[in-house]
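Have a look at the structure below before the remarks.
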Amino acid sequence: MGQADMFIKMGIRYGSEESIKLIHKIGKVLINEALRQSALLAKEYGAFPKYKAEAILKSPFLLANADEDVYELIKTYGLRNSQLLTIPPTGSTSTLIGCSNGVEPIFQLSYTRKTESLHNVDTYYKVFTPIVKEYMELYNIQNEEDLPDFFVTTSNLNYKDRIDVQAAWQQYIDASISSTINLPEETTVEEIEELYMYAWERELKGVTIYRNNCARSGILITNKNQPKTVQDKIEELQQQIDKLVIQSLKENPDICPMCGGKIMHSGGCVECQDCGYSPCSI
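In numbering that gives the first Met the number 0, the protein residues as written are 0 to 281.
What follows is the structure, encoded as structure tokens:
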């Protein structure tokens, strides 16, 4: 996680030659340390049950990536792990901690959110992606249009660059890479075919492409034609319930709308003597 944020903090454009060189530098260190620690664990606990030295030591992956000292460790002790590195889907996790997910670029610079009050007044406000907000506050930038060109999103990304980034990482990842290429709705069948062919030419193990407004909604979508999520529907239902509760209290101020018990009016927020319900919690 956080690769796109790292590029932005370093002033590097996602998918550029500089970004690819940095991936190779990080990837080389990452896989060698993973191999080293697996070999040291094998020294202490033994290699994994299906370990075959003759196959592992001749594998193109190991020969292309292992430094000489790491290779000698593996030759001596084997590997404790059958697989070492993967890039999993980290959408929920990255959202939770506020960074870019997986090896993806940031999705959008900003989003529009809506809140609804009990007085039927909708409020719309702009929410910036954390790294964008941080950068704008740091450099006192007022409009996202004034951000440097290394703020790459799924909307302004060269899609072949997206594949190039995944191809660079794949050299150092022995398991798999989860990533999705988001495409605009106007993308043609021929263009999608071209992308799949380009991914094949770059020898990717796998690639996922999502075109906006397909029959199945994407995990990440833009504000345009945005379908309601389960959470949106739950919030709408809760707001409807709150309105009915308030209306019931207005009609019968001494009767609890939840359990039918007696409402206690003792100043401040009223409260049901039976179930403890209070309209102040709405």
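By construction, the Cβ of each residue, glycine as well, lies at the ideal position given by its N, Cα and C atoms.
Here the structure is a predicted model, which is why all the values come from computation and not from measurement.
Pair within 8 Å by beta-carbon distance, residue i and residue j
i	j	result
Pro183	Asn211	yes
Ile161	Gly10	The amino acid at residue 161 is misidentified as Ile; the sequence shows Arg. Cβ distance not < 8 Å, so Arg161 and Gly10 don't count as in contact.
Pro104	Val69	no
Asp173	Gln36	no
Ala198	Val188	no
Leu288	Ile73	The structure shown has nothing for residue 288, since the chain only spans 0 to 281.
Gly101	Met5	no
Residue i versus residue j: straight-line alpha-carbon distance, rounded
i	j	result
Ala38	Thr92	30 Å
Lys288	Tyr171	For the chain, the structure presents residues 0 to 281; residue 288 sits outside this window and is missing.
Gly90	Glu202	25 Å
Ile7	Thr186	27 Å
Phe60	Phe106	32 Å
Gly97	Pro129	6 Å
Pro147	Lys132	13 Å
Thr111	Glu193	33 Å
Glu143	Asn64	40 Å
Leu108	Tyr124	14 Å
Cys259	Tyr138	With the sequence shown as reference, residue 259 is identified as Gly, and Cys is not the correct amino acid for it. So the alpha carbons of these two residues sit roughly 57 Å apart.
Glu67	Val126	49 Å
Leu84	Asn181	24 Å
Glu43	Lys20	35 Å
Asp253	Ile86	58 Å
Val164	Lys27	15 Å
Glu235	Ala41	55 Å
Tyr134	Thr94	18 Å
Ala46	Glu136	51 Å
Ile140	Ser58	50 Å
Cys271	Asp145	55 Å
Phe149	Glu71	41 Å
Leu243	Asn251	12 Å
Status (buried if at least 16 other CB within 10 Å, exposed otherwise) for residue i
i	result
Lys249	exposed
Cys255	buried
Ile218	Since pLDDT at Ile218 reaches only 48, below the 50 mark, its modelled position is unreliable, and the value read off the structure follows with that caveat. Result: exposed.
Cys213	exposed
Ser265	In this prediction, Ser265 scores a pLDDT of 49, lower than 50, which makes its location untrustworthy; no coordinate-derived value is stated.
Arg240	For the sequence presented, residue 240 should be read as Ile rather than Arg. So Ile240 counts as exposed.
Arg12	buried
Ser99	buried
Thr122	exposed
Thr75	exposed
Gln246	exposed
Gln169	buried
Thr153	buried
Closest residue to residue i among the options (Cα-Cα distance)
i	options	result
Ser18	Gln2, Arg35, Leu194 and Ala41	Gln2
Ile55	Gly77, Asp163, Glu190 and Pro48	Gly77
Arg79	Ile96, Ala52 and Glu16	Ala52
Ser177	Ile191, Pro88 and Asp66	Pro88
Ala166	Asp145, Ile140 and Tyr195	Tyr195
Asn31	Lys57, Ala46, Leu62 and Phe47	Leu62
Ile208	Glu190, Thr179 and Ala41	Thr179
Ile191	Tyr158, Glu136 and Ser175	Tyr158
Item to check | alpha helix (DSSP H) runs contained entirely in the stretch 105–192, provided each spans 4 or more residues | outcome: 129–137 and 158–169
Item to check | Ranges of the beta strand (DSSP E) found wholly within the stretch 1–28, counting only runs of at least 3 | outcome: Within the stretch 1–28, no complete beta strand (DSSP E) run reaches 3 residues.
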